[in-house]
Each structure stands twice: as structure tokens, then as C-alpha cells.
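For reference, the structure discussed in these notes is given below.
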Amino acid sequence: MDPLLFKAILVVAVFGITLIVALYSTFGERKIAAVMQDRVGPNRAGPFGLLQPLADGIKMFMKQELIPSVSNKWLFIIGPCIAMLTACMTGVVIPWGGSLTFGDQVFELQIADLNIGILYLFGVVSLGVYGIMIGGWASNNKFSLIGAIRASSQMISYEIAMGMAIIALVMSTGTLSLKEIVMQQDAGLANIVYQPLGFLIFLVCAFAETNRAPFDLPECETELIGGYHTEYSSLKLGFYLFAEYINMFISSAVIVSFYFGGYNFPFQHELGLDGNLLTIVQTLVFFGKIFFFVFFFMWVRWTIPRFRYDQLMHLGWKVLLPLALFNIFATGLVMWGMGKL
Amino acid sequence: MLTNRSKQVVKKEMTIMEKAYLPAIFSGMLITFKHIFMKKATIRYPEQVREFAPVYRGQHVLKLDEAGAERCTACGLCAVACPAEAITMVAEERKKGEENLYREEKYASTYEINMLRCIFCGLCEEACPKEAIFLTDRIVPSTFERDEFIYGKDKLVETIDQKVDVTKRQTPEVLEFKKDKKHKHNRTFLDRVLKPSSKH
Chain A
896 MDPLLFKAIL
906 VVAVFGITLI
916 VALYSTFGER
926 KIAAVMQDRV
936 GPNRAGPFGL
946 LQPLADGIKM
956 FMKQELIPSV
966 SNKWLFIIGP
976 CIAMLTACMT
986 GVVIPWGGSL
996 TFGDQVFELQ
1006 IADLNIGILY
1016 LFGVVSLGVY
1026 GIMIGGWASN
1036 NKFSLIGAIR
1046 ASSQMISYEI
1056 AMGMAIIALV
1066 MSTGTLSLKE
1076 IVMQQDAGLA
1086 NIVYQPLGFL
1096 IFLVCAFAET
1106 NRAPFDLPEC
1116 ETELIGGYHT
1126 EYSSLKLGFY
1136 LFAEYINMFI
1146 SSAVIVSFYF
1156 GGYNFPFQHE
1166 LGLDGNLLTI
1176 VQTLVFFGKI
1186 FFFVFFFMWV
1196 RWTIPRFRYD
1206 QLMHLGWKVL
1216 LPLALFNIFA
1226 TGLVMWGMGK
1236 L
Chain B
1327 MLTNRSKQVV
1337 KKEMTIMEKA
1347 YLPAIFSGML
1357 ITFKHIFMKK
1367 ATIRYPEQVR
1377 EFAPVYRGQH
1387 VLKLDEAGAE
1397 RCTACGLCAV
1407 ACPAEAITMV
1417 AEERKKGEEN
1427 LYREEKYAST
1437 YEINMLRCIF
1447 CGLCEEACPK
1457 EAIFLTDRIV
1467 PSTFERDEFI
1477 YGKDKLVETI
1487 DQKVDVTKRQ
1497 TPEVLEFKKD
1507 KKHKHNRTFL
1517 DRVLKPSSKH
């Protein structure tokens, strides 16, 4: 098979799986919310309500599309596009599994093994704020603007702590390539053992970056009537909501790759599985880990209320940032003590 | 203050454990996780229906007698007894040849109950001297228009064979209790007219 053809198939597959997972995350979110509140949840569309996401999607398509006359029309349209685009772009550097061998050809289950994968990831994630910012600003609505300002200040604040947490990880692994980070965890222990504090900071920041509860201030329904997407309707609104779920899926994949061994699982080489079969099992295990974290995201959302704005800033700048700096320092000290510098 | 459960609001500094948020978040997450396996409080409504209480009071009916004549004589006691003022009626004299339609010389030409005003207390049923109005176990269906909630005789009048069992809500204990006129809610309209309370 032509390597380029395989890459094309992989791109489409990753794109499709991301969308399907995001689609069913909306269903999962509602079901989990329901069972945690002693309710039944959506169960009307199809068996066990499994067709609910499709019904929701059709609803989004069919709704009337409104563009406020006072809005900046082009920016209003570009906003959700950027949100969706950046959400889908992050999946490129994630290693979804080992390698498949057909005959004498070896195909890596990663779209692009960038040697600066982490930097790429970070760059795209920072772009994500533009979707919200532009959308909120172009709406020409007070609530949208407040939501957009909250979103940008929140994402910028937490990106710093997140970056610092990753610096410590990069120090201990010595690489910026995601593939290599995952491979190292196959040889040794998962990075959570070396970077527990870094994981904690990264996890909290991941919640803030995806605008999930308890950091869902940009869209808090009760105060801002939806925040930055107040004026949006139809598929554009769907794009924003969908982008959030894609972000959640990708963040889970990143967390698993960084700290929980990616597609590796304990004793995988003692099972006696040959190359391709092992790769498939690894990919399934990877998705199992991702789904746990997606569940975790929802679990947290339906447990705790959102932070107040000053608490959010306090946590970001006065707690997480010093903690992340301390983590870098401690990592350096330990590495120096072990003679790894 | 009445319940002794009121608490003074104190703005105290959070302890370090509380400031760390994580222990509290963790315990909260344990609680929500436990709820996943708990019994659901809701039911799948159209398929599953909750059990009605035996004393349930729903939509009213105006009963005909065994011969198919209306029992109601438009005395207006139900309208007077009604605390929500949901019942209105217009009385009319029975003409010759209508004996098979109306039991007594007087009847209600219109009889309307506003189901939006009605509180389903059952006082009309209690006040009725002619055993005409009863509350059934039927639910008043919801509609989109307010005027559709005003039920006239076309919806209320019913033959006798569809029996309404009121004995469940009139157990011996209830009947005994109702004789106790010390309680204001047990004094009917007639009691109030004949024996006004000693205060006045």
C-alpha cells in the first residue's frame, strides 16, 4: 500500500472517530448527568435512547439560522469555524497505537510524528481561544462579550500553568515528541509516577482549557445566558458545543499519552500476541483509558459547582502557577541528585 | 427561629484543607458515584404509571340517576362550598315533558367548573345534598388554551353505571372525625348559618 494512501485513510479514520466519539459524548454526558441525579436520562430515540445524538444533530441542522443584523457577519461565521478547526487539528500528533505491518511495509498509527509535537499541540490549543473570542465579540452582545473576555482571560491564565507542568514533563522525558514520550513509558513506568504534581496541575488546567465545569465561566448559563454563544443558533451553535466535546476527547487522549502510558498497558509483551494483533489491542486499551477520562470530565461536571471569577484567577495565578514552578524546581533537583543532568 | 434550625452566618477563613479544594471535591465525587447505582427517583411515564392513592380526587362528574335524569337541582351549595370559586351555574325551571331529563322541578341549564381554579378539595362533593357531583380518579388532561379548561355539562354529565367509589375516602374514622364540629373545616355551610360561632 502506498504510504500516502494509508496516511489519508488514517486521517479520515481519526477525524471520523473523533466526531463519533464527540457525538456520543453528548449522549454520555446526558446519561451520566441523569444517573448521578437519580434520573433515567434520554431513552426515547431508538433502543436505550442510542439514536438521541442523531436526533439532536438533525434538530441542529433544521433550526432557523439567525445572524444578528448588528453583528460583524463574517467574523460571526468564522468564530465557530475556528473553534471546530482547532478542535479537530489537535488529533494529528497523538499516537493512536503502535504500528501495523502489511507484508514488509510498516505503518505507524500516528498521523504526524512531529519532533516538536508538544509545541504543536500547545500552539493549536492556544489558537482555540480565538474561536470563542471572535464569536463572542462579533455577536455584538454584552453577555457574549463578557463570556468571551472571561474565556480568553481564563485560557491565557491557565495556559501558563499548563505549560509549566509540561516543562517539568519534558525535563524528565527529555523529548518533545509524543510518540517518544509514549515509547518511554513502555520501557519504564508511566509518567504519573515521576510527575504526580505535574499531572494534577495539567488535569486542572485541562478542565480550564476545555471550558468544562468547574471552569465553565465563559458559558455559564445562569449568569450569561450561554456566554459567548448567546447569539448563535442552528449549526453554528452546534459547532461550538461540538468543539467542546472534541476538545474533551482530545484532552483525555493527551492526558493519557502524557501521564498514563498512552496505548501501552502492563505486561503487554508477555501476552504472546504478534505485531498487528497487539497493535489493535493497544489501540483498544488506549481508547478505554480515554473513555475513562471523558467519563471523569463529566463526573466532575456533575459533582461540583463553578468557581467564582476571583476564585478562578486566584487559583490560576496564586496556586497553580507557583505549584508548577515548584514542580519544575523539584524535578530539576531530583534529576540533579540522580545525576541525570 | 420557629424551627430552631436557623444558623448564624459566619464568614470564617477556610482551613488549608478546605483551601486545597481537592479533598472536598473527592468526597463530593464519591457521593455522585454512589448515586449511579441508587434507585432512580423517576419512572418511564407513559409506559409506567405511578400508583394512585386510594383517596385520590380528580376530575368531577355530574351523575344521572338510574332512569337517566339529571340529579343536580342547581341549589348552588357546591358553588358556595367551593373555596376556589371554580363552580358557576345557571338554574332553570323544568318544563312539562322534561321529567325524563331532569329529576326535580329545577335544574342547571349551564354548569361549569373551571379546572384551572379548582383545587380538588372535594368540598363540592361533600356539600351536594342530591348526590350529583363526585370527584373521580381521572386526571384532567392538559391543553394549550385556557378556555378549554372550563368544563361544561357536555364534559361533566355521566350515566350512573360508571361507578365512582367514594367509600375509600370516607372510612369510618374520617366520617367520625367529620362530626367533630370544633374544627372549623368540619363545619359545613349550614352549620355556619344555623349555629354561628360564639365569637360573634
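Each protein sequence line maps, in turn, to chains A and B.
Per the numbering used here, the first sequence starts with residue 896, numbered consecutively.
Per the numbering used here, the second sequence starts with residue 1327, numbered consecutively.
Note that beta-carbon positions come from the ideal geometry of N, C-alpha and C, so glycine has one too.
Per-residue burial, residue i [other beta carbons within 10 Å of its own, 16 or more giving buried]
i: Ser-1332/B; result: exposed
i: Asp-1480/B; result: exposed
i: Asn-1171/A; result: exposed
i: Leu-1004/A; result: buried
i: Tyr-1089/A; result: buried
i: Ile-904/A; result: exposed
i: Glu-1392/B; result: exposed
i: Asn-1426/B; result: exposed
i: Arg-939/A; result: exposed
i: Thr-1226/A; result: buried
i: Asn-1222/A; result: buried
i: Asn-1036/A; result: buried
i: Glu-1396/B; result: buried
i: Asp-897/A; result: exposed
i: Ala-1101/A; result: buried
i: Ala-1219/A; result: buried
i: Glu-1411/B; result: exposed
i: Met-1233/A; result: exposed
i: Met-1441/B; result: buried
i: Pro-884/A; result: It is not possible to answer for residue 884/A, since the shown part of chain A is limited to 896 through 1236.
Backbone secondary structure at residue i - three-state DSSP
i: Asn-1222/A; result: helix
i: Asn-1036/A; result: coil
i: Leu-1136/A; result: helix
i: Lys-1338/B; result: coil
i: Val-1001/A; result: strand
i: Leu-1098/A; result: helix
i: Lys-1525/B; result: Its pLDDT being 49, under 50, Lys-1525/B is placed unreliably in this model, and the value from its coordinates should be taken loosely. It is coil, neither helix nor strand.
i: Tyr-1477/B; result: strand
i: Trp-1231/A; result: helix
i: Ser-964/A; result: coil
i: Ala-1367/B; result: coil
i: Tyr-1123/A; result: helix
i: Phe-1017/A; result: helix
i: Lys-1361/B; result: A small fix is needed here, since residue 1361/B is His in this sequence, not Lys. Reduced to three states, the DSSP call for His-1361/B is helix.
i: Ile-1351/B; result: helix
i: Asn-1142/A; result: helix
i: Ala-1346/B; result: coil
i: Pro-1109/A; result: coil
i: Val-1490/B; result: coil
i: Phe-1153/A; result: helix
heavy atom of the ligand MN below 7 Å from residue i C-beta
i: Met-1230/A; result: This structure lacks the ligand MN; in fact it carries no ligand of any kind.
For residue i, the first and last residue of its enclosing alpha helix (DSSP H)
i: Ala-903/A; result: 898-931
i: Tyr-1303/B; result: With chain B represented from 1327 up to 1526, any question about residue 1303/B goes unanswered, as that position is not in the structure.
i: Asn-1171/A; result: 1170-1196
i: His-1209/A; result: No alpha helix (DSSP H) holds His-1209/A; DSSP gives it neither H nor E.
i: Trp-969/A; result: 968-984
i: Asn-1330/B; result: Segment: none, Asn-1330/B is in no alpha helix (DSSP H) and carries neither H nor E.
i: Gln-1374/B; result: Note, Gln-1374/B: premise wrong, no alpha helix (DSSP H); not H, not E.
i: Asn-1086/A; result: 1086-1089
i: Leu-1403/B; result: 1403-1407
i: Glu-1452/B; result: 1449-1453
i: Ile-1076/A; result: 1073-1082
i: Pro-1498/B; result: 1498-1504
i: Leu-1244/A; result: Past the edges of chain A, shown from 896 to 1236, lies residue 1244/A, and the structure says nothing about it.
Residues that DSSP places opposite residue i in a beta bridge
i: Met-1415/B; result: Tyr-1437/B
i: Lys-1389/B; result: Glu-1484/B
i: Tyr-1428/B; result: Glu-1396/B
i: Ile-1465/B; result: Bridge partners of Ile-1465/B: none, in fact.
i: Thr-996/A; result: Val-1001/A
First through last residue of the beta strand (DSSP E) which encompasses residue i
i: Ile-1459/B; result: 1459-1461
Requested in this report: Take every Cβ of the segment 999-1015 of chain A, pair it with every Cβ of the segment 1065-1081 of chain A, and state whether three or more of those distances are shorter than 8 Å.
Outcome: yes
Query - Three or more C-beta pairs below 8 Å linking the segment 1058-1073 of chain A and the segment 1018-1032 of chain A - result: no
Query - Inter-stretch contact at 8 Å, needing at least 3 Cβ pairs: the segment 945-958 of chain A / the segment 1119-1135 of chain A - result: yes
**Report entry** Sufficient close CB pairs (3 or more, under 8 Å) joining the segment 1031-1038 of chain A to the segment 1170-1188 of chain A
**Finding:** no
Query raised in the report: Would the segment 1139-1151 of chain A and the segment 961-975 of chain A be scored as touching if the rule is three or more Cβ pairs under 8 Å?
Result: no
Query raised in the report: For the 8 Å Cβ check, are there 3 or more pairs between the segment 1463-1481 of chain B and the segment 1384-1402 of chain B?
Result: yes
Query raised in the report: Okay, do the segment 1340-1360 of chain B and the segment 1437-1453 of chain B touch, 3+ Cβ pairs below 8 Å being the bar?
Result: no
Report task. Examine the Cβ distances between the segment 1458-1469 of chain B and the segment 1370-1387 of chain B and report whether three or more of them are shorter than 8 Å. Result -> yes
Query raised in the report: Any contact of the segment 1487-1501 of chain B with the segment 1399-1419 of chain B, i.e. 3+ C-beta pairs under 8 Å?
Result: no
Query raised in the report: How about the segment 1202-1215 of chain A and the segment 1049-1056 of chain A: do they share at least three Cβ pairs that are nearer than 8 Å?
Result: yes
Requested in this report: Name, going along the chain, the residues of the segment 929-951 of chain A whose beta-carbon falls closer than 8 Å to a beta-carbon of chain C.
Outcome: The displayed structure is made up of protein chains A and B, and chain C is not among them.
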